[in-house]
Structure formats: C-alpha cells, structure tokens
Amino acid sequence: MSRVQLALNVDDLDSSIAFYTTLFGTPPAKVKPGYANFAVADPPLKLVLIENPGKGGSVNHLGVEVDSTETVHSEIARLAGAGLFTEEEMNTTCCFATQDKVWVTAPDREKWEVYTKLADADSFGASAPTQDQGDAAEATACDCGPRAAG
230 MSRVQLALNV
240 DDLDSSIAFY
250 TTLFGTPPAK
260 VKPGYANFAV
270 ADPPLKLVLI
280 ENPGKGGSVN
290 HLGVEVDSTE
300 TVHSEIARLA
310 GAGLFTEEEM
320 NTTCCFATQD
330 KVWVTAPDRE
340 KWEVYTKLAD
350 ADSFGASAPT
360 QDQGDAAEAT
370 ACDCGPRAAG
C-alpha cells in the first residue's frame, strides 16, 4: 500500500499530538523526543510531526511511502527518466527509521521523498540540514531532506 506523507514542523509536540489524535481519531504510531508519526488509515496518510520551535505551521517535507526498495528503485528510474534531478539515500537513518529513498524538488522548492521503511531506529538520523535550515547547529531540527548543494 502506498500513502502520501505530510511532515509538518510544529512548535509544541504534545499539543500537536493531542490535536491530530482527535482530528484523525487515532493515536500516534511512534513518539520519540521531538518527533511523532501517525499511520492514518482513512484517509491513507502518514502524518509526521517534527518539533521545530519558531517554524510551527509550516511544511517540513512531503513524501510517498511505498512497500519496497524495488518500488523506490522503479521510482528513481521513472523520475530520472522524466528528466528530474534525483538524490538517492539508501539504507539511511531518518525520522527514527532506516529507509531507502529518493528525493526530488518541486519547482517551488518543496522537498518530496519516495521511501520505504526498512526498520525502526533509535536515533532521529544524520541527514544534513538543507538550504532552508542554515548551519549545522540546526541539524537536530533536520527535515530529513536532501543535503543542500554547495
């Protein structure tokens, strides 16, 4: 099953968890320091909340969760074949999960990932901050997006 992922920056994780639990009628599937995700069945949605004070109410990144690494590789071939610049991250840790993924950037700079979860992880991940995040001091508020170009 594929489902759209919406990753939001939130100012206060606890109040956001309470709100989205009520809105979607389901508790979070995973809660870690500064992070929560919901696996919403109806509508099919992976909602990710990333505590990022001062940036609440903004989109962190968007994505499509797929069932397998093979599907990620198929999407890499399809997207690259259509002329989009792709950035692959295989067996990477991001958002408390080990994943295989590919990133593309929309014309208005929205970051999209197509990914599959391989396993849960104990750490948030080591993705570098993106263009929108500034220096390495903000890496803990990482958006798990592709690394900024030079």
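Residue numbers 230 to 379, in the working numbering, belong to the letters of the sequence shown in order. Built from N, CA and C at the ideal position, the CB exists for glycine as well. What you are looking at is a predicted structure, and each value in this text was computed from that prediction instead of being measured.
*asked:* For residue 279, tell me which candidate among 341, 264, 270 has the shortest Cα-Cα distance.
replied: 264
_If distances are taken between C-alpha atoms only, which option among 275, 314, 312 comes closest to residue 344?_
275
*Can the beta-carbon of residue 330 be found closer than 7 Å to that of residue 318?*
Contact flag set, yes.
*Is the CB-CB distance between residue 348 and residue 322 below 7 Å?*
Going by C-beta atoms, residue 348 is not nearer than 7 Å to residue 322.
_Extent of the continuous beta strand (DSSP E) run through residue 347_ = 340-349
*asked:* On the DSSP bridge list, what partners appear for residue 267?
replied: 276
*As assigned by DSSP and simplified to three states, the class of residue 240*: coil
*What residues match up with residue 318 in a beta bridge as DSSP calls it?*
330
*Note down the Cα distance separating residue 358 from residue 245, rounded to an integer number of angstroms.*
Its pLDDT being 32, under 50, residue 358 is placed unreliably by the model, and the measurement read from it follows with that caveat. Using only the alpha carbons, I get a separation of about 23 Å.
_DSSP three-state assignment for residue 295, whether helix, strand or coil_ = coil
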